[in-house]
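Inspection log for the structure reproduced underneath, given as structure tokens.
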Amino acid sequence: MTENNNRKLFKYRMLAPLWIAVFIDVLGFTILFPLVGFFSDLFETNAIVIGLIFSVNAMFGFVFGPILSKLSDKYGRKPLLLISQFGTLFAFVLTAFSYTLWMLVIARMIDGMFGGNFPIAKAIISDKVPPKDRGIQMANVGIAHVLASLIGPAIGGFSFTFFGLLGPGLFAAGLTIITIVVTISMLEETWPKEKRLHTHEIKTEVTLKVTENKNALFMLVLWAFHTISFTIIMSSLSFFSVNVLKLSVLDVSFVFMISGIFRAGIRFTLFKPAIKYLGESNAIRVGLAIFFVSFFLIGFSSNVVVIMIIFMFVSFAASITRGPMNSKITQTVSPKIQGKINGLSSGLDSVAQIIGPLAGAFIIVTLPPYWLGIIVALIALPALIMSFQKIEKKKYVPTNNSTNHPRDN
């Protein structure tokens, strides 16, 4: 057993630079995230306009994310990841110097255009990790979010209070430079030339294995319902804190930071035992059930402490659901088009991010708060119902870089 664990540790050690890069990238995002609710005052507009701007950001991500992922199947993961990171760097710098609303719009467009980091990261995991261990490794993206949420909001709140948008914007840009250095110097290419597809091969494989693959389409639809409901709630949290809870910038940052501490505690104590006890499929069902109840209750809560307790459950649900669901999606297609299937799932995330900020801001500004919970819970319900359908997996075929692993039944 010890020898097997050591072999597994050695095998996945090459992913360490990826986790460093993902963590720093997420940290840059979490620095700005608590500030969104205050942009309406900063740029002298309303919350719905700010929500629309961030929806435009996601719209560009929806268009260009799958393109970057598809190109990574042809040209390799590392070059496209670097292109994405350089685009993110430019977007953060432009955000720092956004003194007008239109500058912020352009910055968000550029950020969306080069927002291929996460689908490419998921493709890298799929390249190196067999289905048996893929759910745990996919969940490491969640760990990056958890760790970043411990310090990112505090950095954003304090730097914004003393330096305006310049402070958090430049700090996030500096972090992105570190990400680029780590990627260039430490990350190995996981999709070598001999495995890459030519353009016509990509088109044929995608047509045959994705659009005609009922299991893949089913999982993508399930993911769509989940990620739309999840994103509406998460993108509305800053607006909710400002408009319903009436919190200041530092207060919102503090709430996000405390929530991050709870998430970290839950992630590092309960995640693995829950997955081991429940199994991936049951963990997904339990998590989606928790999401449904929690989303409903959020709309009826006007107390900060109650909101934070609810988000403890949301954090636990996210830990046991999102990583395993991503793993299930990748297991419905062949290894040759992991970049494409991850691009499609991330494209759905972008659709959710198009809908989320605008829908959340609109509901909070125009309707009583409880409607936020009712509407989002109803969107989350189909995902919960669909999770009880058994999905057939593609058999994992080991490559030269992998040892033989049994299927994750």
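First residue of the sequence shown? That's 1383 in my numbering, and the numbers climb one at a time after it. Just so you know, even glycine gets a beta-carbon here, dropped at the ideal spot from N, CA and C.
Can Tyr1752 and Phe1682 be called in contact, C-beta distance under 8 Å? Here residue 1752 corresponds to residue number 370 of the sequence shown, with the count starting at 1. Here residue 1682 corresponds to residue number 300 of the sequence shown, with the count starting at 1. Yes, Cβ-Cβ distance for Tyr1752 and Phe1682 is below 8 Å.
Alpha-carbon spacing of Ile1689 relative to Lys1456, whole angstroms:
Position 307 of the sequence shown, counting from 1, holds the residue named residue 1689. Position 74 of the sequence shown, counting from 1, holds the residue named residue 1456. So the two alpha carbons sit approximately 45 Å from each other.
Notebook entry, point to check: Nearest CA to the CA of Ile1525: which residue from Ser1716, Ala1699, Phe1650?
Noted result: Counting from 1 along the sequence shown, the entry for residue 1525 is found at position 143. Out of Ser1716, Ala1699, Phe1650, Phe1650 has the C-alpha closest to the C-alpha of Ile1525.
To the nearest whole angstrom, what separates the beta carbons of Ser1466 and Ile1502, a pair I think is in contact under 8 Å?
Reading the sequence shown from its first residue, position 84 is the one you call residue 1466. Reading the sequence shown from its first residue, position 120 is the one you call residue 1502. Contact flag correct, Cβ pair sits at about 7 Å.
| message | On the CB-based measure, 16 or more other CB atoms within 10 Å of its CB, does Ser1641 come out buried or exposed? | response | Residue numbering aside, residue 1641 sits at position 259 when the sequence shown is read from its first letter. By the neighbour-count rule (16 or more Cβ atoms within 10 Å), Ser1641 is buried.
Check: Are the beta-carbon atoms of Leu1462 and Leu1450 separated by less than 8 Å?
Finding: Looking up residue 1462 in the sequence shown gives position 80. Looking up residue 1450 in the sequence shown gives position 68. Yes, these two residues count as a Cβ contact at 8 Å.
With a cut-off of 8 Å, do at least 3 Cβ pairs link the region 1441–1450 to the region 1532–1539?
no
Under the three-state DSSP convention, the category Tyr1481 falls into = On the sequence shown, position 99 is the one that residue 1481 refers to. In the structure shown, Tyr1481 sits in coil (DSSP, three-state: anything other than H, G, I, E or B).
Q) Excluding the five sequence neighbours on either side, which residues of its own chain have a C-beta within less than 6 Å of the C-beta of Pro1739, listed in chain order? A) As a first step, residue 1739 must be located in the sequence shown, where it is residue number 357. Here Pro1739 has Gly1433, Phe1436, Ser1437, Ser1617 as same chain residues with Cβ atoms under 6 Å from its own Cβ, once five neighbours each way along the sequence are excluded.
Query - Cβ-based neighbour list, Gly1755, same chain, cut-off 7 Å, excluding 5 preceding and 5 following - result: The residue you call residue 1755 lines up with position 373 of the sequence shown. Cβ neighbours of Gly1755 beyond the five flanking positions: Phe1677, Phe1678, Leu1679, Ile1680, Gly1681, Phe1682.
Straight-line gap, Ile1566 to Ile1507 (C-alpha atoms, nearest Å):
As a first step, residue 1566 is located in the sequence shown; it is residue number 184 there, counting from the start. As a first step, residue 1507 is located in the sequence shown; it is residue number 125 there, counting from the start. Distance between the alpha carbons of Ile1566 and Ile1507: 18 Å.
TODO: Would you identify the three-state DSSP class for Trp1573, choosing helix, strand or coil?
DONE: Within the sequence shown, the letter at position 191 stands for residue 1573. Of the three classes helix, strand and coil, the one that applies to Trp1573 here is coil, per DSSP.
Inter-residue Cα distance where the pair is Arg1395 and Ile1402: Working through the sequence shown from its first residue, we reach residue 1395 at position 13. Working through the sequence shown from its first residue, we reach residue 1402 at position 20. Near 12 Å, if we compare the C-alpha coordinates of Ile1402 and Arg1395.
TODO: Just mark Leu1397 as buried or exposed, buried being the case when its beta carbon has 16 or more other beta carbons within 10 Å.
DONE: Your numbering for residue 1397 matches position 15 in the sequence shown. Leu1397 comes out buried.
Q) Between the region 1541–1555 and the region 1409–1422, do three or more beta carbon pairs fall short of 8 Å? A) They touch, by the three-pair rule.
Euclidean distance between Cα positions of Ile1657 and Ala1734
Residue 1657 sits at position 275 when you count from the first residue of the sequence shown. Residue 1734 sits at position 352 when you count from the first residue of the sequence shown. Rounded to whole angstroms, Ile1657 to Ala1734 spans 26 Å at the Cα level.
Would you mind sorting Phe1496 into buried or exposed? The rule is 16 or more other CB atoms within 10 Å of its CB.
-> In the sequence shown, the residue the question calls residue 1496 occupies position 114. It is buried - the Cβ of Phe1496 has at least 16 other Cβ atoms within 10 Å.
#### Entry: Backbone secondary structure at Ser1716 - three-state DSSP
Position 334 of the sequence shown holds residue 1716. Ser1716: coil per DSSP, three-state reduction.
Is the beta carbon of Ser1620 less than 8 Å from the beta carbon of Val1634? Start at 1 with the first residue of the sequence shown, and residue 1620 comes out as number 238. Start at 1 with the first residue of the sequence shown, and residue 1634 comes out as number 252. Yes. Within cutoff.
Next on the checklist: Using a 10 Å radius around the Cβ and a threshold of 16 neighbouring Cβ atoms, would you call Ile1643 buried or exposed?
Outcome noted: As a position in the sequence shown, residue 1643 is number 261, starting the count at 1. So Ile1643 ends up on the exposed side.
*Applying the criterion that 16 or more other CB atoms from any shown protein chain within 10 Å of the CB defines a buried residue, is Asn1499 buried or exposed?*
In the sequence shown, counting from the first residue as 1, residue 1499 sits at position 117. Classification of Asn1499: buried, given that the 10 Å Cβ count is 16 or more.
(Q) Under 7 Å: does the beta carbon of Ser1508 sit that close to some heavy atom of the ligand FMN? (A) What this structure holds is no ligand at all, so the ligand FMN is not there to describe.
| task | Just list the beta strand (DSSP E) runs in the region 1716–1757, keeping only unbroken ones of 3 residues or longer that don't cross its boundaries, in chain order. | result | none
**Report entry** Runs of beta strand (DSSP E) lying entirely within the region 1428–1487, each at least 3 residues, in chain order
**Finding:** none
- Message: Looking at the secondary structure, which residues open and close the alpha helix (DSSP H) in which Val1676 lies?
- Response: For this step, residue 1676 is matched to residue 294 along the sequence shown. In the sequence as displayed, the identity of residue 1676 is Ser instead of Val. Segment 1662–1680, the alpha helix (DSSP H) holding Ser1676.
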